[in-house]
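K.L.:
Below you will find the structure I want to go over with you.
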Amino acid sequence: MPDLTITRVFDAPRELVFAAWTDPDQLASWLGPHGYTGSAVTLATRPGGAWRACIRSPEGDEHWMHGVYREITAPERLVFTFAWDTEGDLRDETLVTIGFADLGGKTEMTFAQTGFPTVADRDGHDEGWTSSFEDLTGFIRGKDAR
Amino acid sequence: MTDTLSRTFSALADPTRRAILARLSNGEATVNELAEPFPMSLPAVSRHLKVLEEAGLITRGRTRQWRPCRLEAKPLEDVAGWVATYRRFWDDGFDRLEEHLRSLTGDA
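Chains as they are written, first to last, in my numbering: chain A, 1 to 146; chain B, 147 to 254.
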């Protein structure tokens with residue numbers, strides 16, 4: 001089970017939605033919170049290819065992020081790793097999996113960001129980690145109740 | 147996304163350490179009590195406790211030999227906060243993506 005899932009329906013064909021992720025200029029135009037501007041987006045859209053992007057806050061703070069493409073199946077599926085640039089420390093790397101389903105001209109985009117593959121890959125406890133994260137959620141609630 | 151979060155995640159990535167935390171969610175325990183279910187030496191368990199302590203996931207009493215360990219909830223709450231932060235980040239971006247797509251399809 002993914003740690004974060006967001007499903008959105010866009011009133012556009014999935015080729016367009018897919019391209020909004022894989023075309024650097026398009027990605028730069030929407031990536032990041034409101035008020036931010038995307039810049040310096042480079043995308044090597046092939047499996048194993050690297051991507052890098054920067055978003056700039058209204059105050060001018062730059063936040064760099066990067067990753068590697070794992071799967072590119074236009075226009076239905078896109079998988080890539082995601083990490084913020086943090087002084088060479090990749091421990092907060094996550095995996096993003098996006099599905100694009102055709103709803104007769106509209107597109108249902110299912111975005112999933114799953115947990116911390118760097119830690120999981122290193123330890124080879126992928127499934128254990130995911131289920132432990134669910135345990136953890138119950139855990140936190142338990143603590144809150146005390 | 148901070149070093150503290152990295153430390154928390156690294157600490158949680160180990161099944162023994164997760165089991166220790168699960169035990170501590172039931173209340174304080176000594177190193178001996180924590181070591182009991184594991185087929186490992188006391189020093190090995192102590193090393194795990196050190197990692198958990200450095201990640202701020204547990205605290206240990208100051209009494210010399212009886213140093214009970216207890217769970218600290220704060221870093222775990224930050225883990226949930228980390229996911230929530232990403233949700234906001236993407237939700238916001240997807241609003242902008244929607245506007246972008248609308249401008250492409252001419253519905254703007």
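We treat Cβ as the ideally placed atom computed from N, Cα and C, and that holds for glycine.
1. Quick one: what does DSSP say T176 of chain B is sitting in, helix, strand or coil?
2. Check whether chain B comes within 8 Å of S39 of chain A, counting only Cβ atoms and requiring the distance to be less than that.
3. Taking S39 of chain A as part of the beta strand (DSSP E), name the residues at either end of that continuous run.
4. What first and last residue would you give for the beta strand (DSSP E) that runs through L78 of chain A?
5. Going along chain A, which residues have a C-beta under 8 Å from R233 of chain B?
6. By Cβ distance, which residues of its chain are closer than 8 Å to Q26 of chain A, with the 5 residues on each side in sequence left out?
7. Taking L243 of chain B as the reference, give the member of A:L43, A:M109, A:G67 with the closest Cα.
8. What is the rounded straight-line gap between the Cα of W30 of chain A and the Cα of R169 of chain B?
9. In terms of alpha-carbon separation, which member of A:D11, A:I6, A:L4 lies closest to S249 of chain B?
10. Taking Cβ-Cβ distances shorter than 7 Å, what residues in chain B pair up with F111 of chain A?
11. Within 10 angstroms of the Cβ of W212 of chain B, are there 16 or more other Cβ atoms? Answer buried if so, exposed if not.
12. Here's the rule I'm using: 16 or more other beta-carbon atoms within 10 Å means buried, otherwise exposed. How should R234 of chain B be labelled?
P.N.:
Considering the structure as presented:
1. coil
2. no
3. 37-43
4. Segment 77-84, the beta strand (DSSP E) holding L78 of chain A.
5. Here the neighbours are L4, I6.
6. Non-local C-beta neighbours of Q26 of chain A in its own chain, meaning closer than 8 Å and more than five positions away in sequence, comprise A19, A20, ordered along the chain.
7. A:M109
8. Computed Cα separation, rounded: 45 Å.
9. A:D11
10. W236
11. exposed
12. exposed
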